[in-house]
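Peer 1: A single structure is presented below for examination.
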Amino acid sequence: MVIKVYQDVLTATLNADLVSSCIETEALEGERTLTFTYPSNAPESPALRDGYSVMIDQVAGAEDAWQEYVIRNVAPRINDSGQFYDVSCEHAYYDLATEPLVTILPNTYTVESVLDVVLDGTGWTTGNFDNLDVKATDIPKNNPLAALRIANDKDHWPGEYYFSSIISGNSVTRRVDLLTQRGHNRGRRIEYAYNLVDISIEINKTNVFTAMYGAGSSDPDIPNDTEDFANVVWSIANGDPTDKPLGQTWVGDEAARLLYGKYRMTTGERKHLFGVYDGGESDKAALLLNTWNALQTTNKPLVNIRAALANLALLPGFSDELFSLGDTVTVDIPNMDEFTTRIIRVEWDRVNYMQTMVELGGFQPTGSGLFSSNNANVTSDSIIDALGFTPENAANKGQDNGYAGLNANGKVPVDQLPADIGMANHGNDYHTSTFITAADVLSKTNTTEYNPTTDYHPATKKYVDDQYAKFG
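For the sequence shown, the numbering used here gives the first residue as 703, with consecutive numbering after it.
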């Protein structure tokens, strides 16, 4: 780890051995921060001032690239170990929100030409971009950061931004890349008791709908004149996705209602959670189909898995274990089905590499929200299924048509519906916060070195001695 401090020119290079904590956070939605602690009596400490720039080398990415942050707060702290500064920084690209307003007049453009205009005079330059399409575009008067978000929305050049800096002597070149998708699929695996230390699971049902009304085109001169699909009939028997009778102006997902609908104590039933799709279609059949498709993006909770992941790539001989934000990984946890998902947020622990935190699964905004508009409705069916949050015939477990949950013994029947689990504790052994702890992992370790070619059998998901390898 290398940390350099600038005020126009290089002012100081911090002693990495004196940095007692250093957390670098980045997320696909745009969050990018840095916090670290440094002795206030160290020779370099006078350089730690509000507004100064901090350059830190990258954990993952181009070797010649750095990440630039701006110091926002320096808080003195005294304890038994000495006197320190707790330094909080935001990424330098946040300052794009304070630059003069820009406007893109209606015309056809490439993404390169739009980024060139948006970034002109900001100190940032257009880097790499994957999309070469020419699009009809106009961006009303906005600050450059807001303009960047408009440029990569679904109607223009959807993708994910990557900001980096190149240092050459005392000069810094700042680049903005717009990639179709950050990260790679390198075949990386996240495995319990190998590189996975601790795990917790969060389920957010805030914007879940199980049924939707469709609002089509309308005549502005006629009050309440909005097309609907009341006269369109759907029937599962005829090959349609669901039943929608004549005269009904909404379409529902029955499976979603049973899982996530609002529970009514008076009837013991679950009622639909209604939303509205406003597409403006004039064709009623198309309106129904598009409403149904929109419903499929909001009929399941957003699921995040937060895990402490040992960053083994920093150990000698483990360079092939490198992972980065946006990577697609396979997750293997005992008593759960394997599933493939993306790394959507990382808290790099630059001092204790065994405690790097990652978030996996359905995209759920967790930080600044600077670029969250593109991903608001992404869900992860595979994670929900892997957790057992689907109806399961458990007659051999003494319960018909029950639901399965997880505890220390694996999948077990529970008497609550998935929608209620977050508010209950089943028999004092089912929790939604922490399913696996570091202590659980350590209790299952032995002294056998991990050897994936001879010890581990992918087909059985077990080691030769049916034990787990040590961390190293």
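Glycine included, each C-beta is placed from N, C-alpha and C at the ideal position. Please read these numbers as outputs of a predicted model, since none were measured by experiment.
(1) In its own chain, which residues sit with a C-beta less than 6 angstroms from the C-beta of M703, not counting the 5 before and 5 after it?
(2) Name the residue from G918, V953, P842 whose alpha carbon lies nearest to the alpha carbon of T912.
(3) Quick check for students: name the residue ranges of the alpha helix (DSSP H) that lie wholly in the stretch 828 to 890, counting only runs of 4 or more.
(4) Shortest alpha-carbon distance to I841 belongs to which of D788, N1001, I806?
(5) Taking the straight line between their C-alpha atoms, what separation do you get for K837 and P846?
(6) One question on the structure: do K907 and P1003 come within less than 9 angstroms of each other, judged by their Cβ atoms?
(7) Going by the DSSP bridge assignment, what does F786 pair with across the sheet?
(8) Taking the CB atoms as reference points, tell me whether L990 and V934 lie closer together than 9 angstroms.
(9) What is the rounded straight-line gap between the Cα of S783 and the Cα of T875?
(10) With a threshold of 16 other CB atoms inside 10 Å of the CB of N830, please say whether the residue is buried or exposed.
(11) Have a look at K706 and V804 and give me their C-alpha separation to the nearest angstrom.
(12) Mapping DSSP to helix, strand and coil, what is A932?
(13) How would you call Q709, buried or exposed, if buried means at least 16 neighbouring beta carbons within 10 angstroms?
(14) Between which two residues does the alpha helix (DSSP H) harbouring K986 extend?
(15) With 16 as the cutoff for other CB atoms within 10 Å, does R966 come out buried or exposed?
(16) So is the beta-carbon of G1028 under 8 angstroms away from any non-hydrogen atom of the ligand MN?
(17) Quick check on E971: buried or exposed, where buried means 16 or more other Cβ atoms within 10 Å of its Cβ?
(18) Taking Cβ to Cβ, would you say Y754 is nearer than 9 angstroms to T713?
(19) Under 7 angstroms Cβ to Cβ from I1045, same chain only, skipping five residues before and after it: list those, please.
(20) Does the Cβ of I780 have 16 or more other Cβ atoms within 10 Å, making it buried, or fewer, making it exposed?
(21) Quick one: measure Cβ to Cβ for V756 and C791, integer angstroms, because I've assumed they're closer than 8 angstroms.
(22) Whole angstroms is fine: what's the gap from L961's alpha carbon to V910's?
(23) Contact defined as beta carbons within less than 8 angstroms: I believe T827 pairs with R877. What is the distance between those atoms, to the nearest angstrom?
(24) To which residues of the same chain is D818 closer than 7 angstroms at the C-beta, ignoring the five residues directly before and after it?
(25) Below 8 angstroms CB to CB, which residues in the same chain sit around T739 once its five sequence neighbours on both sides are set aside?
(26) Thinking M914 and G977 are a contact (beta carbons under 8 angstroms), I'd like their distance in whole angstroms, please.
(27) Starting from A794, follow the alpha helix (DSSP H) in both directions and report where the run begins and ends.
(28) What does the Cβ neighbour count give for A777, buried or exposed, with the cut at 16 atoms within 10 Å?
(29) For Y959, report the span of its alpha helix (DSSP H) as first-last.
(30) Is the separation between the beta-carbon of W1050 and that of T800 shorter than 9 angstroms?
(31) My guess is that S919 and E862 are in contact by the Cβ rule of under 8 angstroms, so how many angstroms apart are they, rounded?
(32) In this structure, does DSSP put D822 in helix, strand or coil?
(33) By the 10 Å Cβ neighbour count, where 16 or more other Cβ atoms means buried, how is V761 classified, buried or exposed?
Peer 2: The structure says:
(1) Within the same chain, M703 has close Cβ partners A718, R1052.
(2) V953
(3) List check, alpha helix (DSSP H) in window: 846 to 853.
(4) The shortest Cα separation from I841 among D788, N1001, I806 belongs to I806.
(5) Taking the straight line joining both Cα atoms gives about 19 angstroms.
(6) yes
(7) Checking the DSSP bridge columns, you'll see F786 partnered with P741, R779.
(8) Judged by their CB atoms, L990 and V934 are nearer to each other than the 9 angstroms cut-off.
(9) 39 angstroms
(10) exposed
(11) 32 angstroms
(12) coil
(13) exposed
(14) Per DSSP, K986 belongs to the alpha helix (DSSP H) from 986 to 998.
(15) With fewer than 16 Cβ atoms within 10 Å of its Cβ, R966 is classed as exposed.
(16) The model depicted lacks the ligand MN and carries no ligand whatsoever.
(17) exposed
(18) yes
(19) G885, F1025, L1027, G1028, D1029, V1031, V1060, L1062
(20) Exposed: under 16 other Cβ atoms inside 10 Å.
(21) 5 angstroms
(22) L961 and V910: Cα-Cα distance of roughly 11 angstroms.
(23) 6 angstroms
(24) Sequence-distant partners of D818 (beyond 5 residues in either direction) whose C-beta falls short of 7 angstroms from its own C-beta, in its chain, are T828.
(25) V721, S722, S723, C724, R779, F786, Y787, D788, V789
(26) Indeed they touch by this definition, with Cβ atoms about 5 angstroms apart.
(27) Judged by DSSP secondary structure, A794 falls outside any alpha helix (DSSP H); it is assigned neither H nor E.
(28) exposed
(29) It is worth fixing the name first, because residue 959 is Arg in this sequence and not Tyr. Counting along the chain, the alpha helix (DSSP H) containing R959 begins and ends at 956 to 962.
(30) no
(31) About 34 angstroms separates the two Cβ atoms, so there is no contact after all.
(32) coil
(33) buried
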